[in-house]
Amino acid sequence: MMTVKTTRKTFDPAAILNARDLIKLLARSVPAPQAVKILEDGVACDIIKIRNLVGNKEKFAKRRQRILGPNGSTLKALELLTSTYILVHGNTVSVMGPFKSLKEVRRVVEDCMHNIHPIYLIKELMVKRELAKDPALANENWDRFLPNFRRNLSKRRVPHVVTDKSKKTYTAFPPAPEKSKLDLEIEDGTYFMGKQAKERAAKTEREEKARQRKEEKKREREQEFVPPEEPGSKPKKRKKNKEASV
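Right under this line is the structure:
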C-alpha cells in the first residue's frame, strides 16, 4: 500500500491529487517519463475500465483489439486528433491529456466496447477539427456537417418451424410419457403370444402387405390401357317417334 503526504515546503495543495494520479498511472504500466507529465498544469488522466462492458471474453478481446487497430494505426490517429496519450493494458485504458479530450476518448472507447467501430467516431472528430478552424462557424450548430452513420445489422435467421404457443391451453399436469414397445405389445395382445405365434402373425402381416402392394401395382398397369375420353364423343340421344293417332 502506498500513501501520499505533503511536506512543509508544499506550496500547491493540488499536488497531492496529481501525485495520487501519478501512482495510478505507474500501476497501469505507463512509462515513468510519460507518467511524470501528470504533474504539469493542464494535464489530467482517466482510467477507463472496459472489462465489465462486455461479458464474453472472446468478444472483449476482439473489441479491445479494435481500439488498437492494425499495427496501432487506430490508436495513433485517436492520439493525434485528441492530443492525448493512450495506453491499452489488460482490462483498462489509461488516458493522459486535456480534460476536454479525455471525455472524447472515453466516448470512443466505450462505444467501441459496445460494438461501434472507432473509425466512425474518428471521422466525426476529424470533421469537428476542421470546423473549429473556421471562426464563422463558431456559434453555429455543427450537426448538419457531421456524418450520420446508421447501424445496418443483417437480419437474423428465422427458424422454419415455429411452434405457436398461443393456441395451447394451459394444463397443470405434465404431458403423458410416450408408450414403449412393451406397452404397445400389451395393447395389441402380442406380448402374451408365444414365439411361434408371433412369427406366424408377422408372416401373415408381411403377406397381407405384399398382396396389397401387388394389387396396387396391378391397378396402375391396367390404368395405362384405359382409353382416354375423346372430345365430342358423347352418345347421341335417340328421338322418340311420335305417331299421330288416326
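Final position of the sequence shown in UniProt numbering is 246; the numbers increase by one with none missing. Idealized CB from N, CA, C, for every residue including glycine.
Taking the C-alpha atoms as reference points, what is the distance between Asn91 and Ile16?
-> Roughly 26 Å between the two C-alpha positions.
Three-state secondary structure (DSSP) of Gly189 = Reduced to three states, the DSSP call for Gly189 is coil.
What whole-angstrom Cβ distance do Leu22 and Val36 have, given they're in contact under 8 Å?
-> Rounded, the Cβ-Cβ distance is 7 Å, consistent with contact.
Taking DSSP as the reference, what is the three-state secondary structure of Leu26?
-> Helix, per DSSP.
For chain C, find out if any of its Cβ atoms is closer than 9 Å to the Cβ of Asn52; answer yes or no.
-> The displayed structure is made up of one protein chain only, and chain C is not part of it.
Three-state secondary structure (DSSP) at Leu87?
-> Secondary structure of Leu87 (DSSP, three-state): strand.
Per DSSP, Met96 is paired with what?
-> According to DSSP, Met96 shares a beta bridge with Cys45 and Tyr85.
In the structure shown, what three-state DSSP assignment does Ser245 receive?
-> Note that Ser245 scores 48 on pLDDT, short of 50, meaning its location in the model is unreliable and no value can be drawn from it.
Within this structure, are the beta carbons of Val93 and Ile47 separated by less than 9 Å?
-> Their beta carbons are under 9 Å apart, which means Val93 touches Ile47 by this criterion.
Where does Tyr85 land, buried or exposed, given buried means 16+ other C-beta within 10 angstroms?
-> When all chains shown are included, Tyr85 counts as buried.
Indicate the three-state DSSP secondary structure (helix, strand or coil) for Ile122 in the structure shown.
-> Here Ile122 carries a helix assignment [DSSP, helix/strand/coil].
On the three-state DSSP scale, how would you describe Met101?
-> Inspection of the sequence shows that residue 101 is occupied by Ser rather than by Met. Here Ser101 sits in helix by DSSP.
Between which two residues does the alpha helix (DSSP H) carrying Thr204 extend?
-> Lys195 to Gln223 is the extent of the alpha helix (DSSP H) around Thr204.
Lys198 and Thr190 look like a contact to me (Cβ under 8 Å); what is the Cβ gap, rounded to whole Å?
-> Approximately 6 Å separates the beta-carbon atoms of Lys198 and Thr190; this is inside 8 Å, confirming the contact.
Which two residues bound the contiguous alpha helix (DSSP H) that contains Phe60?
-> Looking at the DSSP string, the run of the alpha helix (DSSP H) that includes Phe60 is Lys57 to Leu68.
Using a threshold of 9 Å, state whether the C-beta atoms of Leu78 and Leu125 are closer than that.
-> Note that the C-beta distance between Leu78 and Leu125 is below 9 Å.
Sequence-distant residues of its chain with Cβ nearer than 8 Å to Asp64 (five each side left out) | In the sequence on display, residue 64 carries Arg and not Asp. In chain order, Ile50, Val88 and Met113 place their CB closer than 8 Å to the CB of Arg64, counting only its own chain and leaving out the 5 sequence neighbours on each side.
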